[in-house]
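Each number in my numbering corresponds to the 1-based position in the sequence shown with 211 added. Even glycine gets a Cβ: it sits at the ideal position worked out from N, Cα and C. Only a predicted model underlies this, so the values are computations on that prediction, with no experimental measurement involved. Below is one structure, written out as structure tokens; the observations come after it.
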Amino acid sequence: MTGNSLLTCETTQAKVYRLELRKHFTNRSLESYLATFEKHLAVLNDKINLIVDSKDKGVIEDIKPTISTLVLDTIGENLFSTSFSSQKAGRKEPQFITDIDCCLTEADWLLIEQWKTTSGNFVIMSLAAWLGPMCWKLLALAGRVISFKAAMIKLVIKIYWKVFWQRRMLGDQYQPPSTMMGAVVDRQMSAFYSSNLSPLTFFTGFRDAFWHLSIFMLAGHQTSTMTLTWALYYLCKHEQVRQKLQEEVDDFLKNREENSPQEMTEVLTDKSALKYLEAVLKETMRLAPAGPYLGRKAAVDVTLPVNFAEDSGEPTEFITIPAGTNVIVMSQYMHYSERYFRKAGSFIPERWLKATENEFENIPPPCYNPFSAGTRACIGEKYAMLQMKLALLSLCSKFDFTFAHPDTTFCTPLHHMVQGPARFAVKFSHRRK
Ligand code: HEM
212 MTGNSLLTCE
222 TTQAKVYRLE
232 LRKHFTNRSL
242 ESYLATFEKH
252 LAVLNDKINL
262 IVDSKDKGVI
272 EDIKPTISTL
282 VLDTIGENLF
292 STSFSSQKAG
302 RKEPQFITDI
312 DCCLTEADWL
322 LIEQWKTTSG
332 NFVIMSLAAW
342 LGPMCWKLLA
352 LAGRVISFKA
362 AMIKLVIKIY
372 WKVFWQRRML
382 GDQYQPPSTM
392 MGAVVDRQMS
402 AFYSSNLSPL
412 TFFTGFRDAF
422 WHLSIFMLAG
432 HQTSTMTLTW
442 ALYYLCKHEQ
452 VRQKLQEEVD
462 DFLKNREENS
472 PQEMTEVLTD
482 KSALKYLEAV
492 LKETMRLAPA
502 GPYLGRKAAV
512 DVTLPVNFAE
522 DSGEPTEFIT
532 IPAGTNVIVM
542 SQYMHYSERY
552 FRKAGSFIPE
562 RWLKATENEF
572 ENIPPPCYNP
582 FSAGTRACIG
592 EKYAMLQMKL
602 ALLSLCSKFD
612 FTFAHPDTTF
622 CTPLHHMVQG
632 PARFAVKFSH
642 RRK
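This is the structure we're talking about:
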């Protein structure tokens with residue numbers, strides 16, 4: 212996906228967008244999102260309670276759509292001025308979510324699988340794919356992209372209409388909307404009016420709003436959904452970890468008087484509070500990072516060490532990457548490397564508890580950046596962490612859960628762009644405290 216949006220634009224333009232958008236991700240904004248998070252979590256809890264007491268006996272056959280609709284409803288209300296109500300609509304995800312899911316998997320196939328199976332040239336392989344039997348796959352992908360774009364255009368029109376109507380109805384009383392997309396659309400509309408209704412200004416404004424919405428839908432919804440789904444997968448797989456997390460959660464909730472949104476946000480954004488919860492999420496994102504590889508272009512010549520002395524650890528060999536080179540950083544390979552993480556393939560949240568004396572200390576910080584780092588790091592990190600912590604807090608405090616089918620196979624999430632675990636079923640039960 213390319214276009215005029217954060218994530219896909221050049222860094223100079225990104226700085227402008229980030230300046231405009233970052234106010235929607237400050238602690239103060241997060242405080243204002245808290246009520247929405249809690250409201251939609253309550254819907255999820257009611258839903259699970261019903262399933263536990265129904266003939267399904269607490270089994271949700273595919274947990275991902277349940278998580279996906281929760282994340283969609285919250286992001287819709289908090290950032291897009293839109294009430295999707297997809298949790299209430301049933302267990303299925305809206306079509307545009309299925310479309311974007313499919314696009315990501317197929318894009319992964321296009322970008323990575325070809326590199327894995329051949330050392331040849333990507334362009335030649337792409338051509339071969341076009342001409343070969345895989346042609347239908349690309350056509351199907353194009354159909355999905357069109358369908359997703361159509362849904363996003365419809366959504367932008369809805370937001371434009373809402374802002375336009377409020378401007379008309381409220382007159383002097385009108386206040387620009389506080390949600391991110393509401394504010395973007397309001398700004399584009401002001402530019403349209405002040406340009407004497409120039410069609411070109413309207414078109415560019417609409418296009419920018421469309422790209423913002425599409426990218427935030429992808430970067431904000433898919434990532435949190437997949438990470439939370441993976442977290443549940445690992446918690447089902449490792450019962451002791453789940454129990455330990457539940458103890459921490461119970462302890463936290465027991466000592467919690469009615470906190471104000473400000474206090475609650477402070478606690479949940481403080482990395483030293485609820486340490487085990489933080490560690491569970493960190494370990495989930497180590498094994499299943501939603502952004503398993505990052506694309507960058509070297510701005511200047513960069514010299515990097517590639518080999519180290521066994522005894523001293525001093526670099527012995529270097530490589531220079533010339534300015535202008537496109538680089539793909541395979542973060543997930545680092546996450547699975549025994550050089551940086553002992554027992555790298557195992558899910559061990561304890562490795563992140565630095566205060567305890569354990570064998571996993573001293574993880575070099577550059578080896579672990581699930582939200583990336585630097586000027587193009589994830590703008591929604593705090594939002595995502597808050598949402599995921601609240602969701603796990605809520606689920607762990609109210610339910611016990613495990614794989615519904617004990618033979619659920621372990622899947623390793625390697626090389627996939629924002630990909631969740633294969634379909635898995637979770638069995639929930641009321642907690643016996
Ligand atoms: C678990 C959740 C999330 C993870 C693991 C994650 C990870 C990342 C990573 C690795 C990048 C850098 C991509 C690159 O440079 O190629 C990124 C960028 C970005 N993320 Fe997230 N993200 C998450 C949630 C969110 C949320 C909730 C939002 C917004 C609501 C968001 C919005 C963005 C945007 C707009 C960018 C582009 C920033 C730029 O290019 O300047 N992300 N994210």
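Check: residue i C-beta below 7 Å from any heavy atom of ligand 1
i, result
"Leu252", "no"
"Ile308", "no"
"Cys655", "No information on residue 655 is available, as it lies outside the stretch 212 to 644 that the chain covers here."
"Ser425", "no"
"Leu218", "yes"
"Arg229", "yes"
"Leu366", "no"
"Ile259", "no"
"Tyr594", "yes"
"Leu290", "yes"
"Ser296", "no"
"Ile173", "No information on residue 173 is available, as it lies outside the stretch 212 to 644 that the chain covers here."
"Gly502", "yes"
"Ser583", "yes"
"Ser435", "yes"
"Gly431", "yes"
"Leu505", "yes"
"Met428", "no"
"Thr438", "yes"
Terminal residues of the alpha helix (DSSP H) in which residue i lies
i, result
"Leu252", "238 to 263"
"Glu477", "472 to 480"
"Phe417", "410 to 427"
"Glu288", "274 to 290"
"Tyr463", "One point to set straight first is that residue 463 is Phe, not Tyr, in the sequence displayed. Looking at the DSSP string, the run of the alpha helix (DSSP H) that includes Phe463 is 450 to 465."
"Glu489", "486 to 498"
"Phe375", "346 to 381"
"Glu561", "Element bounds for Glu561: n/a, residue is neither H nor E."
Enclosing beta strand (DSSP E) for residue i [first to last residue]
i, result
"Arg642", "Neither: Arg642 is in no beta strand (DSSP E) and is coded neither H nor E."
"Gly506", "505 to 508"
"Leu655", "Residue 655 falls outside the range modelled here, since the chain spans only 212 to 644, and no answer is possible."
"Phe403", "Taken as a continuous stretch (DSSP letters only), Phe403 belongs to no beta strand (DSSP E), being part of the alpha helix (DSSP H) at 391 to 405."
"Thr223", "Not the beta strand (DSSP E): Thr223 falls in the alpha helix (DSSP H), residues 222 to 232."
"Glu528", "526 to 532"
Member of the options whose CA lies at the smallest distance from the CA of residue i
i, options, result
"Phe174", "Ala510, Val478, Glu450", "Because residue 174 is not part of the residues shown, which for the chain are 212 to 644, the question remains open."
"Gly269", "Ser279, Asp257, Thr280", "Asp257"
"Met496", "Phe610, Leu245, Ile559", "Ile559"
"Ser425", "Lys638, Thr219, Arg642, Phe635", "Thr219"
"Met596", "Lys360, Lys493, Arg239", "Lys493"
"Ala633", "Asp273, Val263, Ala225, Gln543", "Asp273"
"Asp312", "Pro581, Lys508, Met428, Lys638", "Met428"
"Cys578", "Leu350, His546, Cys589", "His546"
"Ser279", "Phe295, Asp419, Phe414, Lys266", "Phe295"
"Tyr244", "Ile286, Trp347, Asn537", "Ile286"
"Arg507", "Lys299, Gln433, Pro533, Ala615", "Pro533"
"Asp481", "Asn238, Lys226, Leu217, Gln224", "Asn238"
"Leu232", "His423, Phe248, Ile262, Asp310", "His423"
"Lys593", "Ala225, Lys234, Glu221", "Lys234"
"Val491", "Ser409, Thr531, Asp618, Leu604", "Leu604"
"Phe291", "Lys226, Tyr487, Met392, Phe529", "Met392"
"Pro503", "Ser542, Arg379, Ala442, Val511", "Ser542"
"Asn289", "Pro305, His432, Gln224", "His432"
"Tyr445", "Gly556, Ala253, Arg643, Gly382", "Gly556"
"Gln224", "Pro388, Thr586, Cys447", "Thr586"
"Leu485", "Trp372, Gly354, Leu564, Asp264", "Leu564"
"Lys299", "Tyr544, Met380, Lys250", "Lys250"
"Thr620", "Pro500, Lys226, Cys447, Ala501", "Cys447"
"Glu561", "Pro500, Arg550, Lys455, Ser640", "Lys455"
"Pro472", "Phe248, Pro617, Pro388", "Phe248"
CB contact flag (residue i, residue j, <8 Å)
i, j, result
"Thr293", "Ile370", "yes"
"Thr440", "Lys600", "no"
"Val367", "Asp397", "no"
"Leu230", "Thr476", "no"
"Cys607", "Gln457", "yes"
"Phe307", "Ala362", "yes"
"Leu261", "Leu281", "no"
"Ala602", "Lys638", "no"
"Val540", "Leu505", "yes"
"Glu207", "Asn518", "Only positions 212 to 644 of the chain appear in this structure, which leaves residue 207 out of reach."
"Asp419", "Asn215", "yes"
"Thr536", "Ala509", "yes"
"Leu283", "Ile590", "no"
"Phe413", "Phe421", "no"
"Ile259", "Phe610", "yes"
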